[in-house]
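*Asks:*
Residue numbers (my numbering): 2 to 138.
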């Protein structure tokens with residue numbers, strides 16, 4: 002499967018549904034983290050013997066994990082790259098002046114306004130210059 006490159010317009014058109022999915026993923030992660038901590042506290046206070054009192058909670062965690070995996074798979078299926086769930090960071094492979102870059106978006110941003118090189122991360126985001134906008138194909 003070849004890598005998909007997004008134009009700025011294509012990536013921006015994907016944002017409404019992507020935003021919904023990333024927010025859902027953040028909610029699932031918070032719920033998983035809470036239930037996991039609760040389970041660990043229960044296990045720490047439980048002695049040996051008897052039937053497994055943790056099965057139901059472990060099943061809830063597995064279900065949350067399956068839901069999250071489905072959302073992540075959907076995001077990956079679009080060609081976008083989920084970089085950080087908590088921060089809500091998503092990158093879109095693109096080309097500017099013939100070189101590969103990543104258009105960078107974070108939940109809370111209305112549209113994609115930044116990019117960075119593939120070897121760089123969020124801290125090195127650069128503002129998209131207006132002259133770059135038409136050259137991302």
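No residue lacks a Cβ here, since even glycine has one placed at the ideal position from N, Cα and C.
What is the DSSP secondary structure of residue 102, reduced to helix, strand or coil?
*Replies:* strand
*Asks:* State the DSSP-derived secondary structure class of residue 15, mapped to helix, strand or coil.
*Replies:* helix
*Asks:* So the candidates are 92, 122 and 10; which of them puts its Cα closest to the Cα of residue 106?
*Replies:* For the options 92, 122 and 10, the alpha carbon positioned closest to that of residue 106 is the one of 92.
*Asks:* Would you call the CB atoms of residue 86 and residue 30 closer than 8 Å?
*Replies:* Taking 8 Å as the cut-off, the beta carbon of residue 86 is found closer than this to the beta carbon of residue 30.
*Asks:* How many whole angstroms separate the CB atoms of residue 95 and residue 104, which I take to be in contact at a CB cut-off of 8 Å?
*Replies:* Contact flag correct, Cβ pair sits at about 5 Å.
*Asks:* What three-state label does DSSP hand residue 93 in the structure shown?
*Replies:* Of the three classes helix, strand and coil, the one that applies to residue 93 here is strand, per DSSP.
*Asks:* Could you check whether the Cβ of residue 56 sits closer than 7 Å to any heavy atom belonging to the ligand ZN?
*Replies:* Among the components of this structure there are no ligands whatsoever, and the ligand ZN is therefore not found.
*Asks:* For the alpha helix (DSSP H) containing residue 75, name the first residue and the last one.
*Replies:* 56 to 79
*Asks:* Give me, in chain order, the residues of the same chain whose beta-carbon lies closer than 7 Å to that of residue 32; leave out the 5 immediate sequence neighbours on both sides.
*Replies:* Non-local C-beta neighbours of residue 32 in its own chain, meaning closer than 7 Å and more than five positions away in sequence, comprise 65, ordered along the chain.
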